[in-house]
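In this note's numbering, the protein residues as written are 5 to 604.
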């Protein structure tokens, strides 16, 4: 029994008091002292299990409290960065927390789209769009991954620069530096005149040393003086040195000027040769060059119309650098009023050429019998008498398209056109079967035949000039220019020559030319297998080159100004031995020739 003043305590209260006394008598952790300072001092004020009150294994703590050193305490407030993972933390790596780490400074886990570049991320722009510069995987856009991202205009999943999307993920375009389908070239720009056009087509650039399809390039050389009032020009190897020489004739002096070629494009005049001294007339009307006797050396033939109408042939010497280049002149009489001579290959079985002669009575063919012991002394003539008083220009044309040429004559006095068959078995003209058509071609200057229009028999090309109406010598502005006429071959003529016209005489194609187109010559200038032509425009002082489309259309691509004035004829040949055809013109007013060297 307890004394007066003593308190009767239950067992539980005694335990509480007993346990509370030693707790308060020791220094404990700060958070426990803090709790104890406000703890109750009596069993009634400190019920077991309450915060700051005693606890043991038998008497636990209220919910949410923990028994620490036999005192019920509240858990500490979570602190991010203490290394202890506590709710609501997603992570806590202590000092390793960082915005570029897997656990950020706010104890949340890093993820793509949080705006912070975390481990394994190349970028993070705060969203998961694939259309900006950081994709939904937090990677920079990658051209070639097949996904159009960021600034990419396309992405086809490869780095092929020849398809529609380049390795830069830009649409293929002319000027991007890559040759794609439909482009001939692509030099990385859209400038014209640099070899690759603004539409990525190959351009012809003169002077780069490379001949390209479609390229027509010539460079004029110096003027070379010849004898007065020249008529005609021709190129050939007269002396057998393998280099082309040139020859032209003088109407005034009755002479031939021979010019020796040196293989670099230069032509040096040799002493003139007199046609009169050779037995011909002094009035030379025409000149042509070709191998007439089959010896492999070029010869020169001239036609005269003076007191002694004749054909005079000077034969190539075949002796390099040893005296004159033309020797052994032969006079072949038998025609009168010669207007034109032209060396042409009528017999396709021999390399030697014949001479077509247009004269006042029609046309004749002079052939040297190359099978004879002395071909030069065995001329064979055949004639087609077409009337009297003709002013005839002649050409070799395969009118029927059978591979056997005919002779076409245009009479400038009447404008009529005549077709004279050639008999290959006997190698003569068939003067008894001439087809004549009114054609209105009285202003024709010169005619040539070739296959200007694809898939037809050979066609006829004719320069025209009405000298009376367009007298440029008196008035340089008398007219603005003339046309070259293209008369297409008529396939129906083959089967019905008596009723069909050999050419389209009713509707010839008019091709604009310069002033007084007095000379035309066919040639494939641009290498596309279509036959083009050049024309000497006498009073425009140019040699023009017109390119064919193969269907009868022509485009003037070059007007070459001659060094002299009044070009009346021209010839083609490789004068500088570079493998490209050069042009030489003869200029009547200045008694000169001009050389145009091909300059690819």
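For glycine and all other residues, C-beta sits at the position ideal for the given N, C-alpha and C.
The model shown is predicted, which means the values in this text are computed figures rather than measured ones.
1. Going by the beta-carbon positions, is the gap between residue 555 and residue 506 smaller than 8 Å?
2. Can you say whether residue 39 is buried or exposed, counting buried as having 16 or more other CB atoms within 10 angstroms of its CB?
3. What are the residues that DSSP puts in a beta bridge with residue 426?
4. Buried or exposed: which applies to residue 109, given that a residue is buried once 16 or more other Cβ atoms fall within 10 Å of its Cβ?
5. By the three-class DSSP mapping on this structure, what secondary structure does residue 521 have?
6. How would you call residue 449, buried or exposed, if buried means at least 16 neighbouring beta carbons within 10 angstroms?
7. Buried or exposed, going by whether 16 or more other CB atoms sit within 10 Å of the CB of residue 162?
8. Of all the options 180, 362, 299, which has the alpha carbon lying nearest to the alpha carbon of residue 202?
9. Extract the residue ranges of the beta strand (DSSP E) inside the segment 263-319, only unbroken runs of 3 or more that lie entirely within it.
10. Under the rule that 16 or more other beta-carbon atoms within 10 Å means buried, what is residue 550, buried or exposed?
11. State the DSSP-derived secondary structure class of residue 381, mapped to helix, strand or coil.
12. Suppose you measure from the CA of residue 93 to the CA of residue 106; what does that come to, to the nearest Å?
13. Can you tell me where the beta strand (DSSP E) holding residue 370 begins and where it ends?
14. I need the straight-line Cα distance from residue 601 to residue 176, nearest angstrom please.
15. Taking the C-alpha atoms as reference points, what is the distance between residue 315 and residue 576?
16. Applying the 10 Å Cβ sphere with the 16-neighbour rule, what's the burial state of residue 3?
17. Quick one: residues in its chain with C-beta nearer than 8 Å to the C-beta of residue 190, no 5 flanking neighbours on either side, listed in chain order?
18. Taking just the CA atoms, how far does residue 552 sit from residue 187?
19. Please state the DSSP three-state secondary structure of residue 396.
20. According to DSSP, is residue 413 helix, strand or coil?
21. With DSSP run on the structure shown, which of helix, strand or coil describes residue 453?
22. With DSSP run on the structure shown, which of helix, strand or coil describes residue 100?
23. Roughly how many angstroms separate the alpha carbons of residue 193 and residue 515, rounded to a whole number?
24. Are the CB atoms of residue 414 and residue 451 within a distance shorter than 8 Å?
25. Does DSSP put residue 82 in a helix, in a strand, or in coil?
To lay it out plainly:
1. no
2. Any reading at residue 39 needs caution, since the residue's pLDDT is 41, under 50, leaving its predicted position unreliable; the model's value is listed next. Taking all protein chains shown into account, residue 39 has 16 or more neighbouring C-beta atoms within 10 Å of its C-beta and is therefore buried.
3. 433
4. exposed
5. strand
6. The residue in question, residue 449, is buried, as its Cβ has 16 or more Cβ neighbours within 10 Å.
7. exposed
8. 180
9. 271-273, 288-294, 303-308
10. buried
11. In the three-state DSSP reduction, residue 381 falls in the helix class (H, G or I).
12. 13 Å
13. 366-372
14. 41 Å
15. 24 Å
16. Nothing can be reported for residue 3, as the shown portion of the chain is limited to 5 through 604.
17. 178, 179, 180, 181, 182, 183, 184, 200, 204
18. CA-to-CA, the gap between residue 187 and residue 552 works out to about 24 Å.
19. It is a strand residue.
20. strand
21. strand
22. helix
23. Our two residues, residue 193 and residue 515, have alpha carbons roughly 36 Å apart in a direct line.
24. In contact: residue 451 and residue 414 (Cβ atoms closer than 8 Å).
25. coil
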